[in-house]
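Residue numbers (UniProt numbering): 1 to 348.
Ideal Cβ placement from N, Cα and C applies to all residues, glycine included.
To keep things clear, I will list the structure first and then write my remarks on it.
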Ligand SMILES: *Cc1c(COP(=O)(O)O)cnc(C)c1O
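Encoded structure:
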């Protein structure tokens, strides 16, 4: 790990935990292959670094949303599927390979077929009503003549294990086995893997859990925290009893309070929902967020940490399930919002 940074804001990223999380999910996927969603810049961690580390761990199938994301990791020479399919403007780039579009509309399928495109993936909608062609259209011959590598569908309620929709979608998807010429079938995201072996088919597509997010309590013990934000203290001050801190004066000092102002804000993805709710730590000291989170600054109560001063660093509490619960912001948003002002440091 390098500490000689100029930036007052950094993400500590645990490469070992990332690989271990993926390996855990791969094991839970049983005989199915386990891929990884690395869209949205690897859920905010950095797509190139993530993909290369997961490839080293044994991952062979990567999923991005757009062709720009596919281009970014192209130099790694991995198998990449582009979940949003292929728009007219992207056709030339898509035909040039090597990434495959995940075709999800009749237009896209016609476009790909007429252009003489090679192996592709297809998304079928089994009830989410987001992306995907209808099973009935497949039965009517929509995919005829296509060379389908992987047939995908996506679960709407995988993080609600008791939802009847899971089994409904699984059954609709399973009914397509042998109907499309697809080499493989893939249904499960992170939470879908936890639903059991019936959901794994030939290939799983976890994202959140690879990065330490815990979509269902059952995965808690199998996953480790990967992302640890750290910020530098810009100023320490004493706030007298009755005085307030931050925009709109939402926090009033109940007694004289030691306060540190750190280099972090909602423009970095540290959401305003952490106002008066979030926290940080330095050694054994816990440092609650006080007042509003500003665009670039956050105030912490450091009464508990008399030695902390200007230029010292604190670790922001970022255990994903706990902080999502505290803030009401989803674990997905807590990850993908992590901004460009963080210097990203990989350990291991
Ligand atoms: C984002 C995405 C995934 C990964 O989902 P997680 O909930 O992050 O595991 C899998 N499949 C599709 C189609 C996706 O869009």
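According to DSSP, residue 80 shares a beta bridge with 62. Ranked by Cα distance from residue 149, the first of 136, 156, 169, 178 is 178.
If you check the CB distance, residue 294 and residue 246 come in under 8 Å. Runs of the alpha helix (DSSP H) spanning 4 or more residues and lying entirely within the stretch 164–245 occur at 164–174, 190–194, in chain order. In this chain, the beta strand (DSSP E) harbouring residue 149 covers 148–152.
Cβ neighbours of residue 271 within its own chain (closer than 8 Å, five residues either side excluded): 293, 327, 329, 333, 334, 337. Runs of alpha helix (DSSP H) with 4 or more residues, each lying fully within the stretch 94–119, are found at 106–114, listed in chain order.
Under the DSSP assignment, residue 332 falls in the alpha helix (DSSP H) whose first and last residues are 331–336.
Boundaries for residue 71: no beta strand (DSSP E) harbours it, while the alpha helix (DSSP H) harbouring it runs 67–73, taken from the DSSP string. DSSP lists no bridge partner for residue 16.
In the structure shown, the three-state DSSP call for residue 123 is strand. With a threshold of 7 Å, the Cβ atom of residue 70 does not count as near ligand 1, since no heavy atom of the ligand is closer than that. As computed with DSSP, residue 285 is found in a beta bridge with 282. The three-state secondary structure of residue 301, taken from DSSP, is strand. Residue 315 is not a Cβ neighbour of residue 340, given a cutoff of 8 Å. Inclusion of residue 198 and residue 222 in the CB contact set at 8 Å is not warranted, their separation being larger than that value.
According to DSSP, residue 88 shares a beta bridge with no other residue. Beta-bridge annotation (DSSP): residue 345 is paired with 12.
Around the beta carbon of residue 240, fewer than 16 other beta carbons sit within 10 angstroms, so the residue counts as exposed.
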